[in-house]
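**Student:** Numbering (this note's numbering), first residue to last: 35 to 491.
Even glycine gets a Cβ: it sits at the ideal position worked out from N, Cα and C.
No experiment lies behind these values; they were computed from the predicted model shown.
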Ligand code: FCB
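1. Start and end of the beta strand (DSSP E) containing residue 149?
2. Compute the minimum distance between the beta carbon of residue 90 and the heavy atoms of ligand 1, and state whether it is under 7 Å.
3. Okay, do the region 433-446 and the region 67-80 touch, 3+ Cβ pairs below 8 Å being the bar?
4. Could you tell me which residues DSSP pairs with residue 321 in its beta bridges?
5. Would you kindly work out how many angstroms separate the C-alpha atoms of residue 2 and residue 451, rounded to a whole number?
6. Can you pull the DSSP bridge partners for residue 442?
7. Take residue 391 and list the residues in its own chain whose beta-carbon comes closer than 6 Å to its own, dropping the five residues that flank it on each side.
8. Can you check whether the CB of residue 49 is closer than 8 Å to the CB of residue 106?
9. Between residue 209 and residue 76, is the Cβ-Cβ spacing less than 8 Å?
10. If we require 3 or more residues per run, which beta strand (DSSP E) segments fall completely within the region 42-117?
11. Just how far apart, CA to CA, sit residue 417 and residue 81?
12. Can you tell me whether residue 445 sits near ligand 1, meaning its C-beta is under 7 Å from at least one heavy atom of the ligand?
13. Going by C-alpha distance, which of 53, 64, 130 is nearest residue 95?
14. When you compare the CB positions of residue 241 and residue 225, do they come within less than 8 Å of one another, or not?
15. Classify residue 294 as helix, strand or coil using the three-state DSSP reduction.
16. Report all residues for which the CB-ligand distance to some heavy atom of ligand 1 is below 5 Å; order them along the chain.
17. Any idea if residue 478 is buried or exposed, counting beta-carbon neighbours within 10 angstroms, 16 or more meaning buried?
18. Assuming residue 92 contacts residue 64 under a Cβ cut-off of 8 Å, what Cβ separation, rounded to an integer in Å, is found between them?
19. How about residue 257 and residue 373: do their beta carbons lie closer than 8 Å?
20. Taking residue 211 and residue 348 to be in contact with their CB atoms under 8 Å, please state how far apart those CB atoms are, rounded to whole angstroms.
21. Pick from 98, 110, 127, 78: whose alpha carbon is nearest that of residue 45?
22. Going by C-alpha distance, which of 459, 434, 341 is nearest residue 396?
23. Between residue 39 and residue 319, what straight-line distance do the alpha-carbon atoms span, to the nearest angstrom?
24. Given a cut-off of 8 Å, decide if residue 468 and residue 457 are closer than it, judged by their beta-carbon atoms.
25. The beta strand (DSSP E) spanning residue 198 covers which residue range?
26. Taking 8 Å as the cut-off, does the region 359-375 touch the region 281-299 (at least 3 CB pairs, one atom from each stretch)?
27. Compare the beta carbon distance of residue 254 and residue 393 with 8 Å and say whether it is the shorter of the two.
28. Could you tell me if the beta carbon of residue 45 falls within a distance shorter than 7 Å of some heavy atom in ligand 3?
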């Protein structure tokens, strides 16, 4: 069985998770603390005051979870590796038991005919590195490349499709500018510094992984369309696009940050930060691109009559804006519009020429409609089915329009720890009982299994 990037003859399907959101077992087998362990303990950091110490306990129940992936007829399982399990202090000693866990996970996926694709960083930075400055320090980028090689040395004989980062925009700007995510720092332009070091970390790791023979190396971004709500907001929308999208794609495609971005983010013109050769490392460093999409954004010039959107502080240097959010919305308040996904895929393929995988797409709904099913009460999440159906169709439209989109990976397999929202927002196609963590597939799981089965037959 090949585990290389899908060839695109038909749309491949998969399910995604992330280590901190599902694994639990936060002190087991030598795992060190991450910035999310620390951040989640701060009063008010998560909506329900809870953390990922138990989460879905997937560390122990991964076999059952992989059965669920296989039952979806999904060919791919996108998971992330917890850096603090592998190198608990961020640099230095390697924890073999952490590697053993992912070794078992990969074998268990392959044994079920499910192809594993690993993301090296889904936000759980070892706390020891944050204590030394975290993503504001160049040394963190260097440490990341070392960690990447340790993981590749162990899993590279069976995992072919790799991603360095998941949504580095969130790690940089929600983490260091808006303070909504770990490490919870609200330091405005520091977000730009963090973003550069995340770009650099990708570039350093990509060079070494390619050198070690990896041919399917990608990076996953939460690119977003910005649709100005009024003509006056067109300039601001372009600035937002620079900080959210071009900051990642321009170095990849052109090996440079563009002038508009440098105007909004003068930090990136500092030669001590962006050193000679940094962006050359990023240039051409990805073999594929992951796009995570949930919602479009509709900026207006800052409007005090609109409720403050939690993310406006995540765009330091940009003209002050508000975001208008139209109906329908999901339970997390994100507008539903699958046209955004179609446009994004077409535009991103034109811009980069890279094969694309929709590495995340899905929806939070309250899941309060229950029907009697074979396994007892089943969540009848017709709203989620509608969301998935619409966005899969949008992905197919983008393919028909010429975008080289190879796969669609649903976010997410299991209801889990949804970062600052704690356990209050459920995105899973499988329900998790909050008391005993019993897994029960929702109606959307059965719909998706059928859709995938019929699409691939
Ligand atoms: C993305 C994250 C993922 C999940 C979804 C809802 O930003 O990558 O972990 O939280 O949003």
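**Tutor:** With the given structure in hand:
1. 149-155
2. no
3. no
4. Paired residues: none, contrary to the question.
5. The requested residue 2 does not occur in the structure, where the chain is confined to residues 35 to 491.
6. 47, 392
7. 324, 440, 441
8. yes
9. no
10. 46-50, 110-114
11. 23 Å
12. Yes, since a heavy atom of ligand 1 falls inside the 7 Å radius drawn around the Cβ of residue 445.
13. 53
14. no
15. helix
16. Chain-ordered, the residues whose CB falls short of 5 Å from any heavy atom of ligand 1 come out as 52, 201.
17. The residue in question, residue 478, is buried, as its Cβ has 16 or more Cβ neighbours within 10 Å.
18. Contact check for residue 92 and residue 64: beta-carbon distance about 18 Å, past the 8 Å limit, so the pair fails to qualify.
19. no
20. 5 Å
21. 110
22. 459
23. Straight-line measurement puts the Cα of residue 319 at about 16 Å from the Cα of residue 39.
24. yes
25. 195-200
26. no
27. yes
28. As presented, the structure is devoid of ligand 3, carrying ligand 1 as its sole ligands.
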